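> To start, I am sharing the structure in question, which I have written as structure tokens.
Residue numbers (my numbering): 1 to 343.
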């Protein structure tokens, strides 16, 4: 079962996602059939442990699936990968009623979700939570929320104004009382992720929709795992560039880039126990993606300037990974790496 999920991911990336990637980029729309194909293949449930009804994949298998789909179509993969953050949180939730009501359908892809947790990371947080009788009242701003109009539910996180704890709750991904503005964010790549900015003022999350409440320290400790998964995006792009370089006859370049990606992957795994190691490896992975895409552009020559050439899409996609799911520490590491400076 687990090996077949990896095989299905490779097949879907090569026969469905990558052949359609240029059209997705041009139209700014991911076909509904993409989501249905991923659900039918069982790929909406890969983050769920066996005891929750999931496949119980090893980390290496999850990483391979994520990298593979990222190399197929970044817009599709970036939207889909956020479902797994929600699913993992629901599967581990102490809210048994909510868990029982949602996890099975989320595994099947019948409920499709996204996350808005980045606004809880800064100090002070961009999204704030205030305790009310029977629930929480959220206010603030979430600048980048992907999947609006695609996903069914959104796991939204905010900082408790009194304790600093991080509260996460599940809301329907639609305009509702308390969501005062939804503004489309026009992206230069992966625009088909349907990313929006949310303004929140008085959004109430009742206790029966609360996924978790943890200390800020515990919340930040959990970020290493999410950061490891986000690091699959640039490495997946490198993998696609390597294959296209091989097709273009640039075998030596392809082999060299593949070797660098393999080494970074090992460092990313080691970084799960060391946040600074993980951030440096993520920065190196993003930088490698930009170099790999640049190498492919050079290999394709003049045709890579055309919107019909996948090299230009991969080059823009690589730039996307420099800022997507970033943190101030990662930003500094990337600036130092790309400018060949050290602070």
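Glycine residues also receive a C-beta, built at the ideal position from the N, C-alpha and C atoms.
None of these values were measured; they are calculated from a predicted model.
Counting pairs of Cβ atoms below 8 Å between the segment 46-58 and the segment 128-142, do you hit three or more?
At 8 Å Cβ cutoff, the stretches do not touch.
> In chain order, what are the residue ranges of uninterrupted alpha helix (DSSP H) at least 4 long that sit wholly in the segment 221-304?
If we require 4 residues or more, the alpha helix (DSSP H) runs fully inside the segment 221-304 come out as 232-247, 251-270, 275-300.
> Could you give the C-beta distance for residue 71 and residue 236, rounded to a whole number, given that I count them as a contact under 8 Å?
Correct: roughly 4 Å between the Cβ atoms.
> Among the candidates 41, 256, 26, whose CA atom is the shortest distance from the CA of residue 13?
The shortest C-alpha separation from residue 13 is found at 41.
> For the ligand PLP, is there any heavy atom lying closer than 6 Å to the beta carbon of residue 304?
Ligands in the displayed structure: none, and consequently the ligand PLP is not present.
> I'd like to know if the segment 179-196 and the segment 137-149 are in contact, where contact means that at least 3 CB-CB pairs between them fall below 8 Å.
Result yes; three or more Cβ-Cβ pairs closer than 8 Å.
> Does the Cβ of residue 155 have 16 or more other Cβ atoms within 10 Å, making it buried, or fewer, making it exposed?
By the neighbour-count rule (16 or more Cβ atoms within 10 Å), residue 155 is buried.
> Using DSSP with H/G/I as helix, E/B as strand and the rest coil, what is residue 198?
Of the three classes helix, strand and coil, the one that applies to residue 198 here is strand, per DSSP.
> Report all residues from its chain with a CB closer than 7 Å to the CB of residue 82; omit the five preceding and five following residues, and keep chain order.
The residues are 114, 115, 146, 147.
> Just verifying my parser: in three-state terms, what is the DSSP assignment at residue 321?
Looking at residue 321 - three-state DSSP - the assignment turns out to be coil, as it is neither helix nor strand.
> Distance, Cα to Cα, residue 345 vs residue 270?
One cannot answer for residue 345 here, as it falls past the ends of the chain, which runs 1 to 343.
> Can you name the residues that DSSP bridges to residue 32?
Note: residue 32 sits in no beta bridge, so no partner.
> Apart from the five residues just before and just after residue 93, which ones in its own chain have a Cβ nearer than 7 Å to its Cβ?
Here the set comprises 99, 211, 212.
> Let me know the alpha helix (DSSP H) ranges lying completely inside the segment 51-127, each 4 residues or longer, listed in chain order.
Correct list: 59-70, 74-91, 96-108.
> Checking contacts by CB at 7 Å: is residue 42 closer than that to chain C?
Protein chains in the displayed structure number just one, and chain C is not present.
> Would you kindly work out how many angstroms separate the C-alpha atoms of residue 229 and residue 77, rounded to a whole number?
One C-alpha to the other measures close to 12 Å.
> Nearest by alpha-carbon distance to residue 226: which of 273, 7, 95, 37 is it?
The shortest C-alpha separation from residue 226 is found at 273.
> In angstroms with no decimal places, state the Cα-to-Cα distance between residue 86 and residue 302.
Taking the straight line joining both Cα atoms gives about 42 Å.
> Measuring only the C-alpha atoms, how far is residue 44 from residue 238?
If you take the alpha carbons of residue 44 and residue 238, they lie about 24 Å apart.
> Given residue 310, which residues of its chain have a CB within under 6 Å of its CB, disregarding the five upstream and five downstream residues?
Closer than 6 Å at Cβ, skipping near neighbours: no residue.
> Tell me the residue span of the alpha helix (DSSP H) that contains residue 177.
Counting along the chain, residue 177 falls outside any alpha helix (DSSP H), and DSSP gives it neither H nor E.
> Assign residue 185 to one of three DSSP states: helix, strand, or coil.
Three-state DSSP puts residue 185 in coil, outside helix and strand.
> Taking the alpha carbon of residue 219 as the reference point, which residue from 125, 293, 139, 251 has its own alpha carbon closest?
The residue with the shortest Cα to Cα distance from residue 219 is 125.
> Out of 111, 119, 163, which has the shortest C-alpha to C-alpha gap to residue 151?
The residue with the shortest Cα to Cα distance from residue 151 is 111.
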